[in-house]
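S.K.: Structure below; questions to follow.
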Amino acid sequence: MSRMHRIIAAAFVCLVIGTMIAAAFWPRKVPSFDGPFVIADGETLVTNGQRLQLKGLDSPEIGQRCRGEDGVVQLCGAQARFGLAQRMAQAGVLCQGSDRIDNDRILVTCTAMGRDVGAEMVRSGLVLNAGGYENEEKQAQADKVGLWAGAFDRPEEWRRLHPRNDIIRRQDEN
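Structure representation (structure tokens):
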């Protein structure tokens, strides 16, 4: 190989390596979603056929019941869904995220009128903190709002006691 060919090959290798380094540090555009949204539960949205899950939340399941401070049974899963629907119906809602879970959902953070929807959901006691909203959950506990006003099973415990197949089987029997 002639000296000129070696110089060209070395330049090409440097160009490829430089491009790879630049691509690794180049800011990526994070996908954004602005609705309209269909609310599946207290943490899951659907827009244009894409399922989105609010990052850092653990919502009671739709069929989950809790007890309020007066001991009356409440549909806490449905309440969480309604609370999310109210917040997502506001003007200026924007959800952003790109991390995928379960191959079909994208983890997102949503804002409505500049406020973090997840933080508001945890602060109101409608859902639990699953990471990133520790202060909001402490405030909800201290204020005894939402789930913290009465007795409830943590959503992961409720799911363990009520597997999806069991729920589907009971619905089919009726």
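Quick note on the UniProt record's numbering: the sequence shown kicks off at 1 and runs consecutively.
Note that beta-carbon positions come from the ideal geometry of N, C-alpha and C, so glycine has one too.
Go through its chain and collect everything with a Cβ distance to THR111's Cβ below 6 Å, but skip five positions before and after it.
M.R.: LEU94
S.K.: Report the residue from HIS162, ILE62, GLY49 and ARG3 whose alpha carbon sits nearest the alpha carbon of ARG105.
M.R.: GLY49
S.K.: Under 9 Å between the Cβ atoms of residue 187 and GLY83?
M.R.: Given that the chain is displayed from residue 1 to residue 174, the structure contains no residue 187 and the question cannot be resolved.
S.K.: Which ranges would you report for the beta strand (DSSP E) in the UniProt domain "TNase-like" (28-150) if only whole runs of at least 3 residues count?
M.R.: DSSP runs (the beta strand (DSSP E)) wholly in the UniProt domain "TNase-like" (28-150): 44-47, 50-54, 93-96 and 105-112.
S.K.: Take the Cβ of LYS138 as the centre, count every other Cβ of all protein chains shown within 10 Å, and call the residue buried at 16 or more, exposed below.
M.R.: With fewer than 16 Cβ atoms within 10 Å of its Cβ, LYS138 is classed as exposed.
S.K.: Using a 10 Å radius around the Cβ and a threshold of 16 neighbouring Cβ atoms, would you call ASP34 buried or exposed?
M.R.: It counts as exposed.
S.K.: Take ARG3 and list the residues in its own chain whose beta-carbon comes closer than 8 Å to its own, dropping the five residues that flank it on each side.
M.R.: Cβ within range, chain order: n/a, list empty.
S.K.: So, helix, strand or coil for PRO155, using DSSP?
M.R.: helix
S.K.: Straight-line CA distance for VAL46 to ARG6?
M.R.: 55 Å
S.K.: Do you know how far the Cα of PRO163 is from the Cα of ARG169?
M.R.: Bear in mind that the predicted position of ARG169 carries a pLDDT of just 40, short of 50, making it unreliable; the figure below should be weighed with that in mind. If you take the alpha carbons of ARG169 and PRO163, they lie about 10 Å apart.
S.K.: Which residue wins for smallest C-alpha separation from GLN90, given the options ARG123, ASN129, ASP116 and ASP58?
M.R.: ASP116
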